[in-house]
């Protein structure tokens, strides 16, 4: 029976091989014709790193901690002033204790200033002292977060096998869709693939990359417009007429193309109607002089995806029941601390081991032990 150090060293020294075995296992599943439906669900989940929240610093957290220390010093100095005015109220031992506290707090402030200098050199303005690659990330609970990694997974909709995964230290999913979709297609060996994802993956450029690669995406659009909340018409209330390259507004007026601009790297066409100032329902449309509508040059890709979503109302439910259960299973196996290793390469290896174990158990459940052994031997 190998001890924990032998196992830990094996994992540390064979990271590349372990990740390769995880990929080869998916090749085995593909040879067994398990990926017949060509549908995968993609999602990301936050996993805790070996780094306490108190050992992670952002600009906001650093300022808050400095303010706490300054308040502590002010409180101690006030107590020392009281001791000078009324020596009988504060004992000599207490005065010595307070002076020691002040010295400790000042040392902590000097340390925080050094951390601030290191943090200013970090690309994302963040530093973790225990695991340098771990990052502070928001979680689904309001106002909560953790220091950890964002694990991406693509799960086969038929057998719930994890066909592709990636460990990142980016706290959001917006830039992960096309890379995970292409990894999933390579793993399944399917020329055509349908990908399900949640609103966190909605980004026009990522969806366009998938479309150009021949991957169909089903990603609901997040409701970020404040117009509907204010009782105003939303952009969805304006109908685009492709033949004329113009919009038809809720009042039945033509909103025609006016000019093209580039914003945040995106080419946008701007439209509005000359009838806006005298429109009888203008109060329900805009508080400005004209209601301007922006259209991305590749907006037709997003519109085609929305039509697919409208024809597939069960897509969101299918995504949830496909990809969320594996994450829950993995976290239950890993325990409350989640990752045990530090730095992104080693954490990636650890995740590959967990994914391999999960897929192995799933395959045994699907085919039975003897058939899996025969398949591995051949």
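Numbering (our numbering), first residue to last: 682 to 1059.
Every residue gets a Cβ at the ideal spot worked out from N, C-alpha and C, and that includes glycine.
Predicted model only: the values in this text are computed from it and were never measured.
query = Can you check whether the CB of residue 885 is closer than 8 Å to the CB of residue 732?
reply = For residue 732 and residue 885, no; Cβs fall outside 8 Å.
ask   = Residue ranges of each beta strand (DSSP E) run of no fewer than 3 residues wholly in the stretch 911-977, ordered along the chain?
value = For the stretch 911-977, whole beta strand (DSSP E) runs of length 3 or above, ordered along the chain, are 920-922, 927-929, 935-944, 947-953, 974-977.
Supposed close pair residue 881, residue 854 - CB separation, criterion 8 Å = So it is a contact: roughly 4 Å between Cβ atoms.
Residue-chain proximity (residue 1000, chain D), Cβ-Cβ < 8 Å = You won't find chain D in this structure, because it holds only one protein chain.
key: For residue 820, three-class secondary structure by DSSP   = When secondary structure is reduced to three states using DSSP, residue 820 falls in the coil class, being assigned neither helix nor strand.
key: Assumed close pair residue 723, residue 851 - CB separation to whole angstroms, cut-off 8 Å   = The Cβ separation is near 15 Å, so there is no contact.
request  = Assuming residue 832 and residue 1032 form a contact by the criterion Cβ under 8 Å, report the distance between their Cβ atoms to the nearest whole angstrom.
outcome  = That belief holds up - the Cβ atoms of residue 832 and residue 1032 are roughly 6 Å apart, short of 8 Å.
request  = Could you say which of 894, 821, 993 lies nearest to residue 901 if we only look at CA atoms?
outcome  = For residue 901, the closest C-alpha among the options 894, 821, 993 is that of 993.
ask   = The beta strand (DSSP E) spanning residue 757 covers which residue range?
value = First-last for residue 757: 740-766, but that is the alpha helix (DSSP H), not the beta strand (DSSP E).
query = What number of angstroms, rounded off, separates the C-alpha of residue 998 from the C-alpha of residue 878?
reply = Each residue's Cα considered, the two are about 11 Å apart.
query = Is it true that the stretch 812-821 meets the stretch 781-800, where meeting means three or more beta-carbon pairs spaced less than 8 Å apart?
reply = No: fewer than three Cβ pairs fall under 8 Å.
query = Helix, strand or coil: which one does DSSP assign to residue 787?
reply = Residue state, collapsed to three classes: helix.
task = Flag this pair as yes or no: are the beta carbons of residue 696 and residue 1027 separated by less than 8 Å?
result = For residue 696 and residue 1027, yes; Cβs fall inside 8 Å.
ask   = Whose C-beta lies closer than 7 Å to the C-beta of residue 1021 among residues of the same chain, with five residues either side of it excluded?
value = Contacts found: 731, 1031.
task = Quick one: residues in its chain with C-beta nearer than 7 Å to the C-beta of residue 789, no 5 flanking neighbours on either side, listed in chain order?
result = Residues 750 of the same chain have their beta carbon placed closer than 7 Å to that of residue 789, with the five preceding and five following residues left out of the count.
message = I need the DSSP call for residue 809, collapsed to helix, strand or coil.
response = Here residue 809 sits in strand by DSSP.
message = Quick check on residue 920: buried or exposed, where buried means 16 or more other Cβ atoms within 10 Å of its Cβ?
response = Here residue 920 is exposed. Its C-beta has fewer than 16 other C-beta atoms within 10 Å.
ask   = Can you tell me the Cα-Cα spacing of residue 915 and residue 909, whole angstroms?
value = Roughly 6 Å separates the two Cα atoms.
key: residue 981 to residue 691 span [Cα, whole Å]   = Here the alpha carbons of residue 691 and residue 981 stand approximately 51 Å from one another.
ask   = Just reading off the alpha helix (DSSP H) that residue 1039 is part of, what are its end residues?
value = First-last of the alpha helix (DSSP H) with residue 1039: 1025-1048.
ask   = Secondary structure at residue 845, three-state DSSP: helix, strand or coil?
value = Here residue 845 sits in strand by DSSP.
ask   = Just how far apart, CA to CA, sit residue 960 and residue 905?
value = C-alpha separation (whole angstroms): 26 Å.
inquiry  = Between residue 837 and residue 721, how many whole angstroms is the CB-CB distance? I'm expecting something under 8 Å.
reply    = With a Cβ gap of about 6 Å, residue 837 and residue 721 count as contacting.
Status (buried if at least 16 other CB within 10 Å, exposed otherwise) for residue 848 = Buried is the call here.
query = Three-state secondary structure (DSSP) at residue 982?
reply = The DSSP-derived three-state label of residue 982 is helix.
ask   = Does the Cβ-Cβ distance between residue 1007 and residue 840 come in under 8 Å?
value = One thing to note: residue 1007 has its Cβ no nearer than 8 Å to the Cβ of residue 840.
message = Relative to the C-alpha of residue 871, which candidate in 707, 1055, 719 has its C-alpha closest?
response = Comparing alpha carbon positions, the residue from 707, 1055, 719 closest to residue 871 is 719.
request  = Spell out the partners DSSP gives residue 899 in its beta bridges.
outcome  = 877, per the DSSP bridge assignment.
query = Is it buried or exposed for residue 707, if we count other Cβ within 10 angstroms and need 16 for buried?
reply = Buried, because 16 or more other Cβ atoms sit within 10 Å of the Cβ of residue 707.
ask   = CA-CA distance, residue 743 and residue 699?
value = Here the C-alpha atom of residue 743 lies approximately 38 Å from the C-alpha atom of residue 699.
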